[in-house]
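S.K.: Numbering (my numbering), first residue to last: -9 to 483. In this text, a Cβ means the ideal position worked out from N, Cα and C, and glycines have one as well.
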Amino acid sequence: MIRTRFAPSPTGFLHIGGLRTALYAYFFARQNGGKMILRIEDTDKEREVEGAVGALIKTLHHMGVEYDEGLKIGPNHLGAVSIGDHGPYVQSERLPIYREQVDRLLVEDHAYHCFCTFERLAEMREIQKRSKQQPKYDRHCLNLSAETIKAKLDANEPHVVRMKIPEGETVVEDVVYGRMVFPNADLDDQVLLKSDGYPTYHLAVVVDDHLMEVSHVLRGEDWLSSTPKHLILYKMFGWTPTVFAHLPNLLAENKKKLSKRQNDVAVEDFLNRGYLPEALNNFVATLGFNPKSDQEIYSMDELIRLFDLTKVNRGGAVVNYEKLDWMNARYLREMDLDRLVRVLAVLVESERGSGFVEGKTERFQRIVSVERGRLTRLNDILERLPMYEDAGDYSVDLLVWKKADREDAKLRLEEVLALLEPLEESNFASVDQLEARLKTHIEGNRLSTGNVLWPLRVALSGQKNSPSPFELAWVFGKIETLKRLKTALKKLS
RNA sequence: GGCCCCAUCGUCUAUCGGUUAGGACAUCAGGUUUUCAUCCUGGCAAGCCGGGUUCGACUCCCGGUGGGGUCACCA
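Written as structure tokens, this is what we have:
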């Protein structure tokens, strides 16, 4: 049974690289009929962020990452519920489990108590650095006598538990990076249990992945160099290690890994700025992975089908935000109109109040249908809306086409007004019909399109750039179209 | 600095020894168009360097250079 997991620490937002890891774990589990687990790695009390877990599962849900076990959004979108029988899925709730496993290691002489103070450790590293040595624990507490240890423990002296790295070398077989050999001598006696009783990542990840029966670990390249420690722990415990697949980092333009301080990395921020989950997924999934084809647009289903861990590239990938924009615009243009209308209605109502949508659903739908082609992000709609409320106080000069003059603009608009005025409201029910009528008018009177359409479009929009006059008249309907035309004519006279 | 990883257009990538080195974003030039956007056509643009192996290397091996990751009681 294939079992993958996504194990973020709750820092308050989902990193875009984390999203990619989650996506890959999801694709891999799904295509193999396996299960995916969400585990919360909250063993660092100092970095605890209020409400972060709730936000995280909400974001994952929103992105369509459907895991099978772990914390999920509760009924009626309230709270969180734990699904699955390998829990608890939050590390801070598993403290007794880690304690128990560490005791085993202690008894079997694979780990030892360390009573060194932070000061001593800092000093030690300072000296090592100065003498060009590797900063590494000097095993000061490795050979304390049983009596000494008992006495210190009884006296409640602060202490940690360290793993006792054996001699030899450790071989890592990684699905994406291949075979790597690490000399154990380069490994530090890693702290497993902190003085506050919490495990470090290294202990927790091994214990949990084993107990949760995880078969494949997909995680960031950052972890590559600590994988030997994890393998050694598996060996100490007598457990079969998981398969490891490390993923290359996502890079900023300066080729360094994306940092939250200097780059746009929070999935929540992308969502807030109007990127579609499916566009973001498509973009992020194809950074560092390519199904060996020229295709650029992939649905989630295609990705599940085509994803292949062995085709993940090994080099870090620079995030190209311009391509994200292109992709998002394309998804916007091609997505189901009704769904787009619903999504935009929610956005507009929350940003501008209900006045723009409520009671005007038909009109709002028409606006969306004529504007969608020029949106890059959902939020772009907000800037385009005012024009539909009011043409604004545009300059008369704008009404005059570059190849015409003011007098001509006036004449052409008067003709159009005469053409439209006798029409029924029903004649405004289709863009094509309006276009056909106006084109017939232009051709029939041997006019030039620009002379007629430019002033007409500006009269309707008040803008230098906008959708075509046919589309605008369709959105406005007869009454408002005529009203805007008359306003323009007043300006011209 | 030690250890580890990586190396094709500016960016993401394809090409599992024989290709005019392909596609996408960006960019430039045309075209369509009342405007913007879209769309269409075309252009510019790449195998880090040096050795091998081979009839033949972007592709395999070694070295160099460059870049990155990691070296905490953080994940």
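#1: By a C-beta neighbour count over all protein chains shown, 10 Å radius and 16 as the cutoff for buried, is glycine 41 buried or exposed?
#2: Tell me the rounded alpha-carbon separation between valine 92 and alanine 141.
#3: If you scan the region 318 to 347 from start to end, which runs of the alpha helix (DSSP H) of 4 or more residues do you find wholly inside it?
#4: For a test of the three-state rule: what should DSSP assign to glycine 210, helix, strand or coil?
#5: Distance, Cα to Cα, alanine 12 vs glutamate 38?
#6: Between which two residues does the alpha helix (DSSP H) harbouring threonine 471 extend?
#7: Among the residues of its own chain, which have a CB less than 7 angstroms from the CB of glycine 440, if the five just before and after it don't count?
#8: If lysine 400 sits next to leucine 482, beta carbons under 8 angstroms apart, how far is it from one beta carbon to the other, in whole angstroms?
#9: For methionine -9, count neighbouring C-beta atoms within 10 Å of its own C-beta (all shown protein chains included) and say buried if the count is 16 or more, exposed if not.
#10: Could you check where the beta strand (DSSP E) with valine 39 kicks off and where it finishes?
#11: Quick one: give me the first and last residue of the beta strand (DSSP E) that valine 181 is part of.
#12: I'd like the list of long-range same chain contacts for phenylalanine 323, defined as Cβ closer than 7 angstroms, with 5 residues on each side in sequence excluded.
#13: In the region 131 to 162, which residue ranges form an unbroken beta strand (DSSP E) of at least 3 residues, counting only runs that do not cross its ends?
#14: Which residue comes first and which comes last in the alpha helix (DSSP H) that contains glycine 24?
#15: Please list the terminal residues of the continuous beta strand (DSSP E) segment that includes tyrosine 102.
#16: Does DSSP put glutamate 116 in a helix, in a strand, or in coil?
#17: So is threonine 306 buried or exposed if we call it buried at 16+ other beta carbons inside 10 Å?
#18: On the CB-based measure, 16 or more other CB atoms within 10 Å of its CB, does leucine 201 come out buried or exposed?
#19: Which same chain residues, not among the five before or five after glutamate 425, have their C-beta less than 7 angstroms away from its C-beta?
#20: Quick check: the Cα distance between alanine 256 and asparagine 310, rounded to an integer number of angstroms?
#21: Rounded to whole angstroms, what is the Cα-Cα separation between leucine 428 and arginine 251?
#22: When you compare the CB positions of phenylalanine 172 and threonine 160, do they come within less than 8 angstroms of one another, or not?
#23: The beta strand (DSSP E) with valine 171 in it runs from where to where?
#24: Output needed for glutamate 98: all residues of its chain with C-beta closer than 8 angstroms, excluding positions within five of it in sequence on either side, in chain order.
#25: How many angstroms separate the CA atom of methionine 53 from the CA atom of valine 204?
#26: Among residues of its own chain, excluding the 5 on either side of serine 359, which ones have a beta-carbon nearer than 7 angstroms to its beta-carbon?
#27: Spatial neighbours of lysine 179 within its chain, please: C-beta separation below 7 angstroms, excluding the five flanking residues on both sides.
#28: Okay, do the region 207 to 217 and the region 227 to 240 touch, 3+ Cβ pairs below 8 angstroms being the bar?
#29: How many angstroms separate the CA atom of histidine 76 from the CA atom of glutamate 59?
#30: Count the other CB atoms within 10 Å of the CB of proline 412; is the residue buried (16 or more) or exposed (fewer)?
#31: Have a look at leucine 143 and phenylalanine 105 and give me their C-alpha separation to the nearest angstrom.
#32: CA-CA distance, glutamate 341 and leucine 368?
M.R.: With the given structure in hand:
#1: exposed
#2: 20 angstroms
#3: 327 to 342
#4: strand
#5: 21 angstroms
#6: 459 to 482
#7: Trp391 and Lys393
#8: 4 angstroms
#9: exposed
#10: Here valine 39 belongs to no beta strand (DSSP E), and DSSP marks it neither H nor E.
#11: 181 to 183
#12: In the sequence as displayed, the identity of residue 323 is arginine instead of phenylalanine. Arg362 and Gly363, listed in sequence order.
#13: 150 to 153
#14: Note, glycine 24: premise wrong, no alpha helix (DSSP H); not H, not E.
#15: 101 to 104
#16: helix
#17: Before going on, a small fix: residue 306 reads as glycine here, not threonine. Classification for glycine 306: buried.
#18: exposed
#19: Phe460
#20: 15 angstroms
#21: 55 angstroms
#22: yes
#23: 168 to 173
#24: Met226
#25: 23 angstroms
#26: Leu327
#27: Note that residue 179 corresponds to aspartate in the displayed sequence, not to lysine. Same-chain partners within the cutoff: Tyr127, Arg129, Arg152, Met153, Lys154 and Ile155.
#28: yes
#29: 8 angstroms
#30: exposed
#31: 9 angstroms
#32: 12 angstroms
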